[in-house]
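*Asks:* Structure provided below as structure tokens; questions to follow.
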Amino acid sequence: MSAVMQSIANHDAYLAGLLPTPTTPYEWLNTLRTGAAQRVRTLPFPTTRNEEWRFSDFSLMCKTVFAPAIATPALTLTEIAPFLLPEAANSRVVFVNGIYAAHLSSAVLPAGVVATHFSAMLTNETLRAQLARHATFQHEAFVALNTSHLQEGALIVLSKNTACATPLHLLFISTASTTPVASHPRCLVVAESGSACTFIEDYVCLPTATPSPTYFTNAVTEIVIADDATVRHTRLQRESVAAFHVGYAAVHLGRNSCYSSNSITFGARLSRHNLHITQSAEGANCTLNGLALISGRQMADTHTVMDHTQPNGNSAQLHKCIADGGAHAIFNGKIFVRKDAQHTNSTQSSRNLLLSNKGRIDTKPQLEIFADDVKCAHGATVSQLETEEMFYLNSRGLNANTARNLLIYAFAEEIIDKVPVASLKQHLSHTVSSQMGEIV
Amino acid sequence: MSSTLDALINRPYEYGFVTDIESDALPKGLNEDVIRLISKKKNEPDWLLEFRLAAYRHWLTLTPPEWANITHPKVDFQDMVYYSAPKPRKKLASMDEVDPELLRTFEKLGVPMSERKALANVAVDVIFDSVSVATTYKDKLAEVGVIFCSFSEAVKEHPELIKKYLGSVVPTADNFYAALNSAVFTDGSFCYIPKGCRCPMDLSTYFRINNGESGQFERTLIVAEEGSYVSYLEGCTAPRFDTNQLHAAVVELVAMDNAEIKYSTVQNWYAGDENGVGGIYNFVTKRGLCKGINSKISWTQVETGSAITWKYPSCVLIGDNSIGEFYSVALTNHHQQADTGTKMIHIGKNTRSRIVSKGISAGQSNNSYRGLVKVGANAADARNYSQCDSMLIGATCGANTFPYIEVHNSSAKVEHEASTSRIGEDQMFYFASRGIGAEEAVSMIINGFCKEVFNHLPMEFAVEATQLLGLKLEGSVG
Chain A
1 MSAVMQSIAN HDAYLAGLLP TPTTPYEWLN TLRTGAAQRV RTLPFPTTRN EEWRFSDFSL
61 MCKTVFAPAI ATPALTLTEI APFLLPEAAN SRVVFVNGIY AAHLSSAVLP AGVVATHFSA
121 MLTNETLRAQ LARHATFQHE AFVALNTSHL QEGALIVLSK NTACATPLHL LFISTASTTP
181 VASHPRCLVV AESGSACTFI EDYVCLPTAT PSPTYFTNAV TEIVIADDAT VRHTRLQRES
241 VAAFHVGYAA VHLGRNSCYS SNSITFGARL SRHNLHITQS AEGANCTLNG LALISGRQMA
301 DTHTVMDHTQ PNGNSAQLHK CIADGGAHAI FNGKIFVRKD AQHTNSTQSS RNLLLSNKGR
361 IDTKPQLEIF ADDVKCAHGA TVSQLETEEM FYLNSRGLNA NTARNLLIYA FAEEIIDKVP
421 VASLKQHLSH TVSSQMGEIV
Chain B
1001 MSSTLDALIN RPYEYGFVTD IESDALPKGL NEDVIRLISK KKNEPDWLLE FRLAAYRHWL
1061 TLTPPEWANI THPKVDFQDM VYYSAPKPRK KLASMDEVDP ELLRTFEKLG VPMSERKALA
1121 NVAVDVIFDS VSVATTYKDK LAEVGVIFCS FSEAVKEHPE LIKKYLGSVV PTADNFYAAL
1181 NSAVFTDGSF CYIPKGCRCP MDLSTYFRIN NGESGQFERT LIVAEEGSYV SYLEGCTAPR
1241 FDTNQLHAAV VELVAMDNAE IKYSTVQNWY AGDENGVGGI YNFVTKRGLC KGINSKISWT
1301 QVETGSAITW KYPSCVLIGD NSIGEFYSVA LTNHHQQADT GTKMIHIGKN TRSRIVSKGI
1361 SAGQSNNSYR GLVKVGANAA DARNYSQCDS MLIGATCGAN TFPYIEVHNS SAKVEHEAST
1421 SRIGEDQMFY FASRGIGAEE AVSMIINGFC KEVFNHLPME FAVEATQLLG LKLEGSVG
């Protein structure tokens, strides 16, 4: 018993051990950071005793001591070429181990569009007004930890009625290093009224070859969508299979605004993604798509909250998990329909493929409804591949292995197909098919 | 909605029964001495006392669960009387003395005249003698070897069976309220169906007439031996009054090879007034163990009463090919809160489970479905289908769904569906255009909504349950 208590106490102290020491030249930021650091010291390390972390056990990461990255390794454009998107050749902001890499970034953008890093513009009014306003850290230890490090991050601002045709690529690269590194990436996206953009939040690892490096990414993204604005968000998590990844995204929607999210998880030993969406005005629209494709000893946990607070909102969610080997996939999707949110139309579907008896899937779609004139439905399924479908493909001359791979590929493709950037879509399809073995 | 009806339904409940305070009651509070005294008063064997004490000692280490979606003031467990001898109720001379509210309910529900008297505690006439009816039933059951008696009686008459099965499904350490029940339970029912026996009658029929005061901490144990079948019903559609605020019952079911147990509940305990004052806290642990191959346990519940319901009738499917079923209608009105659902634990191969849950919330009430479907690593080809539908009546109530799905086996197939709807103005308009009044229309819509569950109730109760829901919802629509 005492050993258990000891280990819990150690875990609680663990996050405090990751707190930063230096302060910034900005007083408002220091106040924010100190407040967050205070929360890190008081909030317990999330354990499976906490309902929100019931299935995702992160205690494994406490065995490793992560240090902040000090200097950026000198990567070249050629080295990061596999991650570059031709569509976003001139709209790319790159960070290496959480540090902004000017020589890898390129942002030649039309008027009214800003895509940059924000450490140099911490006096900016928009930034000060929005930063850390939406991703509250009072109850989230990892968000607090990220906020306590707040100084650098990616910033996208779209001026009123500006539509940005080119996708904006935010690339976060983690590299192998002698001591395991912790980075705390931060994104802030502000879409002013009537604007529209597509952005890609991309977490990758270099080198891609084995042995996979161990590191810790603790990302927080805030997206503020004003009235009538549209944001298309693609989030890719392609970390090394030995990495730890915790992400939190807070989305705030204005009147008649639109938000669509494609969240794709391939990597990390243990990963957790929280997506918290608040429809704070009437008539907002959300489309959420998610895919976790994991195997081996990976664990991927996705928690989403869709909060309808005002009338006439729409949301449609489809989340898919594929777990092979000893992998463990978790999905928890909450939909809240508050008292005033009459005429809300909300659907949610969690579909899961469990391919191995060593694997595990836990899913919990959750509805909390406090308004009567609403349409809400959710569904969840967990199964293996349909024998009828296998039989059909076999009858067409495909052998069992090919048929299996084809069906899994098709299952994943439904989500990948929704990614709005052609080259990326193709790349992801390729990743899935190569993971499945050659099928076509 | 007619104003007379409104006035009737909104009238405060008056307790129709006089309860004589028994001198045989223990003082308030709970400690080991109280438990020893309970055990002594009931002349229990030592092993049962040990069972109680072990449960009590464990209970002391526990804290009341707070995860449920309910709010209530803290229950003071030292401010309760844990034992009082069965209280004889004052016999009423004729139906004229019965609370007119109760009579109206009987009328609405269509309870047969003969049973009304028994339920209202009116001295029965010569034609309908509950004692003789009970005796007839008892003879009939004894003939086929079914044991059906009170728990205390079973402890004396069949100690070996009680010893073998008590706590085998719900261990004393299971949860806070189960531990409390194990420590202080006073009575309940025991039912044993021997090998190959198909119980000749629905135990419900018997039960309804003979059901005495169930007591605050009730314990039910049903064992169905190989190849047997029993249908059991607890509770009653008629409103039940009870001065005990907290009810913590434990129900254990054991089904052996090829056995089937069908357990139906209709619960209509006092729900508090329309301002949420008073009412019963119903914190129940119910679990069935499908121990043998091809065994089947089916729970059907209609929950309309209690201020707070906290109840998850579960099935542990150990035997290969075993089946678990859960059919539920939970209705909350005014300030009632219900957090109810089921757990289906698939352990054996080829096990199947089915969940159909219908929640209806009205007034300022809050109704939650909380369910768990767990498929163990060895439960090859397990199959589950769950469906939970909610209906909201009015804009001030809440409906929540918390389904947990945990799958460890790749050959399992688990499906869950949930939807939310309301009684639409267009539906009401349609009924009105056909000359059907608001009240009847609501009743019909609700009926259609709950049909799948009512189909699984014993016939006479299905009819009454239908009426009951309509009755409970009077005044909420229109």
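Chain order of the listed sequences is A and B. Everything in the first sequence is counted per our numbering, starting at 1 for the first residue and increasing by one. Everything in the second sequence is counted per our numbering, starting at 1001 for the first residue and increasing by one. By construction, the Cβ of each residue, glycine as well, lies at the ideal position given by its N, Cα and C atoms.
#1: How many angstroms separate the CA atom of A/Val432 from the CA atom of A/Ala129?
#2: Can a CB atom of chain B be found closer than 8 Å to the CB of A/Thr302?
#3: Could you check which residue in A/Asn289, A/Thr309, A/Gly326 has the C-alpha nearest to that of A/Met299?
#4: Below 8 Å between beta carbons: does that hold for A/Leu270 and A/Phe58?
#5: What residue range is occupied by the uninterrupted beta strand (DSSP E) comprising B/Cys1149?
#6: Return helix, strand or coil for B/Asn1282, following the three-state DSSP convention.
#7: Can you check whether the CB of B/Ser1306 is closer than 8 Å to the CB of B/Gln1267?
#8: Determine the burial state of B/Asp1426: buried for a count of at least 16 other Cβ atoms within 10 Å of its Cβ, exposed for fewer.
#9: Quick check on the DSSP output: what are the complete beta strand (DSSP E) runs of length 3 or more inside the stretch 268-333 of chain A, in order along the chain?
#10: From A/Ala101 to B/Tyr1177, what distance separates their C-alpha atoms?
#11: Report the neighbours of A/Gly359 on chain B: residues whose CB is nearer than 7 Å to its CB, in chain order.
#12: Can a CB atom of chain A be found closer than 8 Å to the CB of B/Glu1160?
#13: Is B/Glu1464 helix, strand or coil when you go by DSSP?
#14: Using a 10 Å radius around the Cβ and a threshold of 16 neighbouring Cβ atoms, would you call B/Asp1076 buried or exposed?
#15: Indicate whether at least one CB of chain B lies closer than 8 Å to the CB of A/His378.
#16: Where B/Asn1366 and A/Thr72 are concerned, what is the direct C-alpha to C-alpha distance, given to the nearest angstrom?
#17: Is the beta carbon of B/Asp1320 sitting closer than 8 Å to the one on B/Ile1293?
#18: Under the assumption that A/Arg92 contacts A/His169 (Cβ atoms under 8 Å), give the Cβ distance between them as a whole number of angstroms.
#19: Between B/Lys1374 and A/Asn90, what straight-line distance do the alpha-carbon atoms span, to the nearest angstrom?
#20: Using a beta-carbon distance below 8 Å, is A/Val305 in contact with chain B?
#21: Is A/Ala107 helix, strand or coil by DSSP?
#22: Pair every Cβ in the stretch 1308-1319 of chain B with every Cβ in the stretch 1274-1283 of chain B, then say whether three or more of these pairs are closer than 8 Å.
#23: At 3 residues or longer, and completely inside the stretch 230-256 of chain A: list those beta strand (DSSP E) runs for me, N to C.
#24: Would you mind stating whether B/Thr1401 and A/Gln366 have Cβ atoms separated by less than 8 Å?
#25: Considering only residues of the stretch 1326-1384 of chain B, which uninterrupted beta strand (DSSP E) runs meet the minimum length of 3 residues and lie entirely inside it, listed in chain order?
#26: If you draw a straight line from the C-alpha of A/Ala284 to the C-alpha of A/Cys258, how long is it?
#27: Have a look at A/Leu145, A/Val220, A/Ser429, A/Ser159 and flag the residue whose alpha-carbon is nearest the alpha-carbon of A/Pro110.
#28: Could you tell me whether the Cβ of B/Met1459 comes closer than 8 Å to any Cβ of chain A?
#29: Determine which residues of the stretch 307-327 of chain A have a Cβ less than 7 Å from any Cβ of chain B, and write them out in chain order.
#30: To which residues of the same chain is A/Glu79 closer than 8 Å at the C-beta, ignoring the five residues directly before and after it?
#31: Residues in its own chain within less than 7 Å of A/Trp28 by CB, not counting five upstream and five downstream?
#32: Using 10 angstroms around the beta-carbon of B/Gly1398, count the other beta-carbons present and answer buried if the total reaches 16, otherwise exposed.
#33: Starting from B/Thr1332, find everything on chain A with Cβ-Cβ shorter than 7 Å and list it in chain order.
#34: Identify every residue that forms a DSSP beta bridge with A/Cys197.
#35: For B/Ser1328, which residues in the same chain have their Cβ closer than 6 Å to its Cβ, ignoring the five residues on either side in sequence?
#36: Any beta carbon from chain A within less than 8 Å of B/Thr1351's own beta carbon?
*Replies:* According to the structure shown:
#1: Residue numbering aside, residue 432 of chain A sits at position 432 when the first sequence is read from its first letter. Residue numbering aside, residue 129 of chain A sits at position 129 when the first sequence is read from its first letter. Approximately 41 Å, taken between the alpha carbons.
#2: For the purposes of this step, residue 302 of chain A is taken as residue 302 along the first sequence, with counting starting at 1. Output row for A/Thr302: interface = no.
#3: Position 299 of the first sequence, counted from the first residue, corresponds to residue 299 of chain A. Measuring from the Cα of A/Met299, the nearest candidate turns out to be A/Gly326.
#4: Against the first sequence, residue 270 of chain A aligns to sequence position 270. Against the first sequence, residue 58 of chain A aligns to sequence position 58. In contact: A/Leu270 and A/Phe58 (Cβ atoms closer than 8 Å).
#5: As a first step, residue 1149 of chain B must be located in the second sequence, where it is residue number 149. Where B/Cys1149 is concerned, the enclosing beta strand (DSSP E) stretches over 1147-1150.
#6: In the second sequence, the residue the question calls residue 1282 of chain B occupies position 282. B/Asn1282 falls in the strand class under three-state DSSP.
#7: As a working note, residue 1267 of chain B is residue 267 in the second sequence. As a working note, residue 1306 of chain B is residue 306 in the second sequence. In this structure, B/Ser1306 lies closer than 8 Å to B/Gln1267 by Cβ.
#8: To locate residue 1426 of chain B, count along the second sequence from 1; it is residue 426. Answer is exposed; the Cβ neighbour count stays below 16.
#9: 270-279, 285-294, 299-308, 314-323
#10: The count along the first sequence starts at 1 and reaches residue 101 of chain A at position 101. The count along the second sequence starts at 1 and reaches residue 1177 of chain B at position 177. Each residue's Cα considered, the two are about 59 Å apart.
#11: Taking the first residue of the first sequence as position 1, residue 359 of chain A is located at position 359. Correct list: Ser1410.
#12: As a first step, residue 1160 of chain B must be located in the second sequence, where it is residue number 160. Not one chain A Cβ lies under 8 Å of B/Glu1160.
#13: By 1-based counting over the second sequence, the position of residue 1464 of chain B is 464. If DSSP states are grouped into helix, strand and coil, B/Glu1464 belongs with the helices.
#14: By one-based count along the second sequence, residue 1076 of chain B stands at place 76. Exposed.
#15: Within the first sequence, residue 378 of chain A is the residue found at index 378, counting from 1. Yes - at least one Cβ of chain B is within 8 Å of the one on A/His378.
#16: Here residue 1366 of chain B refers to the residue found at position 366 of the second sequence. Here residue 72 of chain A refers to the residue found at position 72 of the first sequence. One C-alpha to the other measures close to 54 Å.
#17: Position 320 of the second sequence, counting from 1, holds the residue named residue 1320 of chain B. Position 293 of the second sequence, counting from 1, holds the residue named residue 1293 of chain B. Yes; because the gap between Cβ atoms is below 8 Å, this pair is in contact.
#18: Along the first sequence, read from residue 1 onward, the residue named residue 92 of chain A stands at position 92. Along the first sequence, read from residue 1 onward, the residue named residue 169 of chain A stands at position 169. A/Arg92 to A/His169, Cβ: 4 Å. Contact.
#19: By one-based count along the second sequence, residue 1374 of chain B stands at place 374. By one-based count along the first sequence, residue 90 of chain A stands at place 90. Spanning the two alpha carbons is a distance of roughly 50 Å.
#20: Position 305 of the first sequence, counting from 1, holds the residue named residue 305 of chain A. Judged by the 8 Å Cβ criterion, A/Val305 is not in contact with chain B.
#21: Counted from its first residue, the first sequence places residue 107 of chain A at position 107. Correct three-state label for A/Ala107: strand.
#22: yes
#23: 230-238, 244-253
#24: Within the second sequence, numbered from 1, the residue matching residue 1401 of chain B stands at position 401. Within the first sequence, numbered from 1, the residue matching residue 366 of chain A stands at position 366. For B/Thr1401 and A/Gln366, yes; Cβs fall inside 8 Å.
#25: 1337-1340, 1343-1346, 1352-1362, 1366-1375
#26: Taking the first sequence and counting its residues from 1, one reaches residue 284 of chain A at position 284. Taking the first sequence and counting its residues from 1, one reaches residue 258 of chain A at position 258. Spanning the two alpha carbons is a distance of roughly 6 Å.
#27: Here residue 110 of chain A corresponds to residue number 110 of the first sequence, with the count starting at 1. That would be A/Ser159, whose Cα lies nearest to the Cα of A/Pro110.
#28: Numbered from its first residue, the second sequence carries residue 1459 of chain B at position 459. No, its Cβ sits nowhere closer than 8 Å to a Cβ of chain A.
#29: none
#30: Counting from one through the first sequence, the residue named residue 79 of chain A turns up at place 79. Only Leu206 meet the Cβ criterion.
#31: Locating residue 28 of chain A in the first sequence gives position 28, counting from the first residue. Excluding positions up to five away in sequence, the list reads Arg128.
#32: Against the second sequence, residue 1398 of chain B aligns to sequence position 398. Under this definition B/Gly1398 is a buried residue.
#33: Along the second sequence, read from residue 1 onward, the residue named residue 1332 of chain B stands at position 332. Near B/Thr1332 there are no residues of chain A at all, since even the closest Cβ is about 13 Å away, more than 7 Å.
#34: In the first sequence, counting from the first residue as 1, residue 197 of chain A sits at position 197. DSSP, once it has assigned bridges, lists A/Val231 as partnering A/Cys197.
#35: Taking the first residue of the second sequence as 1, we reach residue 1328 of chain B at position 328. The residues are Gln1301, Ser1357.
#36: On the second sequence, position 351 is the one that residue 1351 of chain B refers to. For B/Thr1351, the answer is no, since every Cβ of chain A falls outside 8 Å of its Cβ.
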